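Novice: What follows is a structure written as structure tokens; I'll ask about it next.
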Amino acid sequence: MQSSASKMALPSLEPPVAHLTLQGISKVFPGRTGTVDKLLRRTSKPFVAIADIDLEVEPNTFVSIIGPSGCGKSTLLNIIAGLSQPTTGQVSINGQPVSAPGPDRGVVFQNYALMPWMTVAENIDFAVETVYPSMGIAQRKSIVQDYICLVGLRGAEAKHPHELSGGMKQRVGIARALAINPQILLMDEPFGALDALTRGFLQDEIERIWEQERKTVILITHSIEEALLLSDKIVMMTRGPAAGIAQVLDVPFPRPRRREELDQYPGYHELKAAMEQHLSYETRAVEESRVRK
Amino acid sequence: MTHEVFRSAPPKVKPFRLNTDQQAFLLFITILLVFLGLWELGANAKLFLPIMPSASQTIADLWFWISNPFFDNGPNDQGIGFLLLTSLRRVLSGFLIGTAIAIPLGILIGLSPVVSKAVDPFIQILRPVSPLAWLPLGLALMRDSERTALFVIAITSIWPTLINTKFGVSNVDPAYLNVAHTLGASRWRIITKVILPAAAPNIVSGLRISLGIAWLVIVAAEILLSGGIGYFVWNEWNNLKITSIITAILIVGLVGLLMDYLFGVLQHRVSFGQRS
Ligand SMILES: Nc1ncnc2c1ncn2[C@@H]1O[C@H](COP(=O)(O)OP(=O)(O)OP(=O)(O)O)[C@@H](O)[C@H]1O
Ligand SMILES: [Mg+2]
Numbered sequence: 053m054q055s056s057a058s059k060m061a062l063p064s065l066e067p068p069v070a071h072l073t074l075q076g077i078s079k080v081f082p083g084r085t086g087t088v089d090k091l092l093r094r095t096s097k098p099f100v101a102i103a104d105i106d107l108e109v110e111p112n113t114f115v116s117i118i119g120p121s122g123c124g125k126s127t128l129l130n131i132i133a134g135l136s137q138p139t140t141g142q143v144s145i146n147g148q149p150v151s152a153p154g155p156d157r158g159v160v161f162q163n164y165a166l167m168p169w170m171t172v173a174e175n176i177d178f179a180v181e182t183v184y185p186s187m188g189i190a191q192r193k194s195i196v197q198d199y200i201c202l203v204g205l206r207g208a209e210a211k212h213p214h215e216l217s218g219g220m221k222q223r224v225g226i227a228r229a230l231a232i233n234p235q236i237l238l239m240d241e242p243f244g245a246l247d248a249l250t251r252g253f254l255q256d257e258i259e260r261i262w263e264q265e266r267k268t269v270i271l272i273t274h275s276i277e278e279a280l281l282l283s284d285k286i287v288m289m290t291r292g293p294a295a296g297i298a299q300v301l302d303v304p305f306p307r308p309r310r311r312e313e314l315d316q317y318p319g320y321h322e323l324k325a326a327m328e329q330h331l332s333y334e335t336r337a338v339e340e341s342r343v344r345k
Numbered sequence: 073m074t075h076e077v078f079r080s081a082p083p084k085v086k087p088f089r090l091n092t093d094q095q096a097f098l099l100f101i102t103i104l105l106v107f108l109g110l111w112e113l114g115a116n117a118k119l120f121l122p123i124m125p126s127a128s129q130t131i132a133d134l135w136f137w138i139s140n141p142f143f144d145n146g147p148n149d150q151g152i153g154f155l156l157l158t159s160l161r162r163v164l165s166g167f168l169i170g171t172a173i174a175i176p177l178g179i180l181i182g183l184s185p186v187v188s189k190a191v192d193p194f195i196q197i198l199r200p201v202s203p204l205a206w207l208p209l210g211l212a213l214m215r216d217s218e219r220t221a222l223f224v225i226a227i228t229s230i231w232p233t234l235i236n237t238k239f240g241v242s243n244v245d246p247a248y249l250n251v252a253h254t255l256g257a258s259r260w261r262i263i264t265k266v267i268l269p270a271a272a273p274n275i276v277s278g279l280r281i282s283l284g285i286a287w288l289v290i291v292a293a294e295i296l297l298s299g300g301i302g303y304f305v306w307n308e309w310n311n312l313k314i315t316s317i318i319t320a321i322l323i324v325g326l327v328g329l330l331m332d333y334l335f336g337v338l339q340h341r342v343s344f345g346q347r348s
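These protein sequence lines are chains A and B, in that order.
Each residue of the first sequence is one higher than the last, beginning at 53 in my numbering.
Each residue of the second sequence is one higher than the last, beginning at 73 in my numbering.
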């Protein structure tokens with residue numbers, strides 16, 4: 053595994069270094085205000101999902117975003133991925149504004165989003181071929197094989213997604229996102245649909261892979277332990293509408309980190325308590341506002 | 073512990089029980105025999121018109137046709153094998169013409185909301201027209217009966233494929249499209265590598281329905297023509313040979329079943345565990 057990791061970076065590319073900047077990002081979902089909607093009495097007001105988000109992400113840092121459910125985490129990640137346009141504000145990478153999706157950002161989806169008609173190897177190869185159309189077939193094959201090994205799926209290359217467990221599917225999703233050698237890895241609750249044991253196992257895998265291949269990572273999660281295990285920084289969001297950033301926590305634990313030893317690091321319990329307090333306060337406020345509605 | 077329990081239990085003789093398939097087969101045979109018996113009784117008791125044969129006469133005639141499928145004593149006296157080949161050739165040609173129109177058009181209207189809206193009125197008006205209503209129009213347009221049959225088969229087998237293709241293409245899971253977009257895939261690559269394979273189960277299920285309809289229509293269309301199983305039905309009706317007509321009905325049904333089965337296999341092959 054170690055030896056395959058050394059030849060992992062593509063020879064033609066610089067090691068990816070990406071400085072991600074979000075400036076004044078907000079997203080307003082337009083309400084239904086058309087004449088037809090008025091006639092049908094189904095108009096709705098425009099909805100401000102997120103407002104004025106500023107964030108600097110240093111190169112090769114692992115950032116987690118955590119916040120009450122429905123606050124706009126996926127909205128923010130989709131804007132960074134370029135799948136959705138911000139209503140105001142600007143996303144830039146190394147000072148260059150970006151507004152469309154691109155292979156400098158690899159995305160891992162919560163529902164895996166593997167093509168059912170492609171095998172494991174074909175799913176990864178589809179990504180590599182799309183991003184590097186002029187690459188020779190032999191080099192492509194070896195990249196695909198390297199990443200299959202990296203996520204521990206050797207032997208499952210020829211399987212189709214419906215033959216895989218949820219955990220294996222998400223390994224393919226991770227391998228596909230990494231195989232194009234993106235500068236930034238974006239993950240939207242990648243382990244949300246997995247059972248607790250598989251989730252823990254894949255978190256350890258992410259920690260191991262990240263040690264081998266440092267990248268800028270943005271991870272959306274609901275799990276405080278997951279954020280503390282993996283992140284350098286934790287971004288806590290407020291509740292919506294017009295959700296923003298409440299606080300950014302530094303996680304100074306040394307790496308490589310081990311889940312069993314996590315609670316022995318100084319400051320672990322304070323960080324955890326602060327996050328729990330923030331989340332439960334925001335969640336309670338969300339629930340109360342729903343009751344009053 | 074468990075071993076002890078197993079061993080101490082006296083070896084029981086398994087009671088004789090049929091599984092579901094065997095039970096269903098027995099029931100199937102029973103229904104068939106009851107049906108044939110009632111038919112035989114009814115015919116012997118002269119409940120039907122005199123031209124209606126008894127079950128035993130029909131089975132004897134069925135055996136005659138099946139045991140000797142390939143003889144050819146001129147256009148009005150051919151074995152059932154040759155008749156079937158003629159019909160199958162017509163159905164497949166018409167079906168292929170229809171498919172060659174339906175799939176590209178379905179992709180186009182599935183991809184483009186403008187084309188979809190523009191073409192929809194034509195589809196909605198033409199789709200429910202009975203295949204038989206196309207016959208005179210086909211004759212007027214095509215001038216000869218052979219091409220008229222192909223025209224009618226083609227036009228009736230367009231609709232299910234067209235509508236299913238459009239549905240499949242315009243309802244691709246957005247997750248797959250998002251993956252392709254984040255990789256920066258070109259439009260052409262998205263269509264060929266993502267949209268079409270994702271729509272394949274729907275397209276094949278449309279083809280399956282279309283072929284079924286084409287096979288349904290051929291018997292009617294061939295009344296105009298010479299040769300083929302439909303012509304055979306018409307000819308034998310003029311000879312008042314009901315046994316032959318019943319034979320034709322059974323053969324048409326069996327061939328339809330076989331074609332449907334083949335498309336079912338194809339559908340399974342392109343589905344990869346997706347809903348279809
Ligand atoms: N297309 C849309 N149109 C209108 N409102 C939307 C749309 N997409 C999301 N929203 C609203 O924006 C808010 C934020 O949604 P988002 O999916 O980003 O939340 P989230 O933080 O990812 O939630 P979860 O924790 O459930 O994943 C929600 O209130 C949602 O109802
Ligand atoms: Mg979300």
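Ideal Cβ placement from N, Cα and C applies to all residues, glycine included.
All values reported here derive from a predicted model rather than from experimental measurement.
Mapping the DSSP letters down to three states, classify L72(A) as helix, strand or coil.
Specialist: strand
Novice: Which runs of the alpha helix (DSSP H) at least 4 residues long sit entirely within the segment 80–163 of chain B? Give them in chain order.
Specialist: 92–116, 127–139
Novice: Can you tell me whether DSSP reads I117(A) as helix, strand or coil?
Specialist: If DSSP states are grouped into helix, strand and coil, I117(A) belongs with the strands.
Novice: Check whether the Cβ atoms of A337(A) and R291(A) sit closer than 9 Å, and answer yes or no.
Specialist: By the CB criterion at 9 Å, A337(A) and R291(A) fall inside the cutoff.
Novice: Quick check for students: name the residue ranges of the alpha helix (DSSP H) that lie wholly in the segment 198–267 of chain B, counting only runs of 4 or more.
Specialist: Listed in chain order, they are 203–214, 217–242, 246–254, 259–262.
Novice: If you drop the 5 nearest sequence neighbours on each side, which residues of the same chain put their C-beta closer than 6 Å to that of I181(B)?
Specialist: V187, S188, V191, K238
Novice: Pull up the DSSP beta-bridge partners for G188(A), would you.
Specialist: According to DSSP, which records beta bridges pairwise, G188(A) is partnered with nothing at all.
Novice: D245(B) CB to nearest chain A CB: under 9 Å?
Specialist: yes
Novice: Roughly how many whole angstroms lie between the Cα atoms of M170(A) and V159(A)?
Specialist: So the two alpha carbons sit approximately 18 Å from each other.
Novice: I'd like the list of long-range same chain contacts for L107(A), defined as Cβ closer than 7 Å, with 5 residues on each side in sequence excluded.
Specialist: Apart from sequence neighbours up to five positions away, the residues of its chain that approach L107(A) with a beta-carbon distance below 7 Å are L74, V287, I297, ordered along the chain.
Novice: Does the Cβ of I272(A) lie closer than 8 Å to at least one heavy atom of ligand 1?
Specialist: Within 8 Å of the C-beta of I272(A) there is at least one heavy atom belonging to ligand 1.
Novice: At a Cβ threshold of 9 Å, is T182(A) touching chain B?
Specialist: yes
Novice: Helix or strand or just coil, what does DSSP make of E241(A)?
Specialist: If DSSP states are grouped into helix, strand and coil, E241(A) belongs with coil.
Novice: Relative to the C-alpha of G284(B), which candidate in T233(B), D332(B), K118(B) has its C-alpha closest?
Specialist: D332(B)
Novice: Considering only heavy atoms of ligand 2, does any lie closer than 8 Å to the CB of E241(A)?
Specialist: yes
Novice: So that I know if they touch, is there some Cβ in chain B lying closer than 9 Å to that of L62(A)?
Specialist: Model confidence at L62(A) stands at a pLDDT of 47, short of 50, so the residue's coordinates are unreliable; what they give is reported in the following sentence. Under the Cβ criterion of 9 Å, L62(A) is not counted among the residues facing chain B.
Novice: Leaving out the 5 sequence neighbours to the left and right, which residues in its chain are closer than 8 Å to F161(A) when beta-carbon positions are compared?
Specialist: These residues qualify, in order along the chain: G225, D240, P242.
Novice: Closer than 7 Å, Cβ to Cβ, to anything on chain A: give me those residues from the segment 280–300 of chain B, in chain order.
Specialist: Residues: none.
Novice: Which one of V201(B), A252(B), G114(B) has the shortest CA to CA distance from I262(B)?
Specialist: A252(B)
Novice: Please list the partners that P138(A) has in chain B, where partner means a Cβ-to-Cβ separation under 8 Å.
Specialist: None at all; the shortest Cβ gap to chain B is about 17 Å.
Novice: Run down chain A in chain order and give the residues with a C-beta less than 7 Å from the C-beta of F344(B).
Specialist: Those within 7 Å of F344(B) in chain A are P168, W169, H212, H214.
Novice: What does P155(A) reach in chain B if we use C-beta pairs closer than 9 Å?
Specialist: T254, L255, G256
Novice: Just the chain A side, please: which residues come within less than 8 Å of K189(B) by C-beta, in chain order?
Specialist: Taking a Cβ-Cβ cut-off of 8 Å, K189(B) has no neighbours in chain A, whose nearest Cβ is about 16 Å from it.
Novice: When the Cα of P273(B) is compared with those of N243(B), I169(B), S298(B), L288(B), which residue comes out closest?
Specialist: N243(B)
Novice: So, under 8 Å CB-CB, G204(A) and R223(A) are touching, yes? Tell me the CB distance rounded to an integer number of Å.
Specialist: 7 Å
Novice: Counting only the same chain and skipping the five closest in sequence on each side, list residues whose C-beta sits under 6 Å from that of N311(B).
Specialist: Around N311(B): no qualifying Cβ.
Novice: For V266(B), which residues in chain A fall below 8 Å Cβ to Cβ?
Specialist: M167
Novice: How about N145(B): is its C-beta nearer than 9 Å to some C-beta of chain A?
Specialist: no
Novice: Three-state secondary structure (DSSP) at Q346(B)?
Specialist: coil
Novice: Around the Cβ of Q255(A), are there at least 16 other Cβ atoms within 10 angstroms (buried) or fewer (exposed)?
Specialist: Buried, by the Cβ-count rule.
Novice: For L216(A), does the three-state DSSP call read helix, strand or coil?
Specialist: In the structure shown, L216(A) sits in coil (DSSP, three-state: anything other than H, G, I, E or B).
Novice: Who are the Cβ neighbours of N146(A) in its own chain at under 7 Å, not counting the five residues just before and after it?
Specialist: Only A70, H71 meet the Cβ criterion.
Novice: Which whole-angstrom value is the C-beta distance of A279(A) and I77(A), which I expect to be below 8 Å?
Specialist: At roughly 21 Å, the Cβ-Cβ gap does not stay under 8 Å, so A279(A) and I77(A) are not in contact.
Novice: Can you list the residues of chain E that V276(B) reaches, using a CB-CB cut of under 9 Å?
Specialist: No chain E is part of this structure, whose protein chains are labelled A and B.
Novice: Quick check on the burial criterion: 16 or more other C-beta atoms within 10 angstroms. Buried or exposed for D216(B)?
Specialist: Residue burial is scored here from C-beta neighbours: D216(B) has fewer than 16 other C-beta atoms within 10 angstroms and is therefore classed as exposed.
Novice: Under 9 Å between beta-carbons, which chain B residues line up against I232(A)? List them in chain order, please.
Specialist: Those are L255, listed as they occur along chain B.
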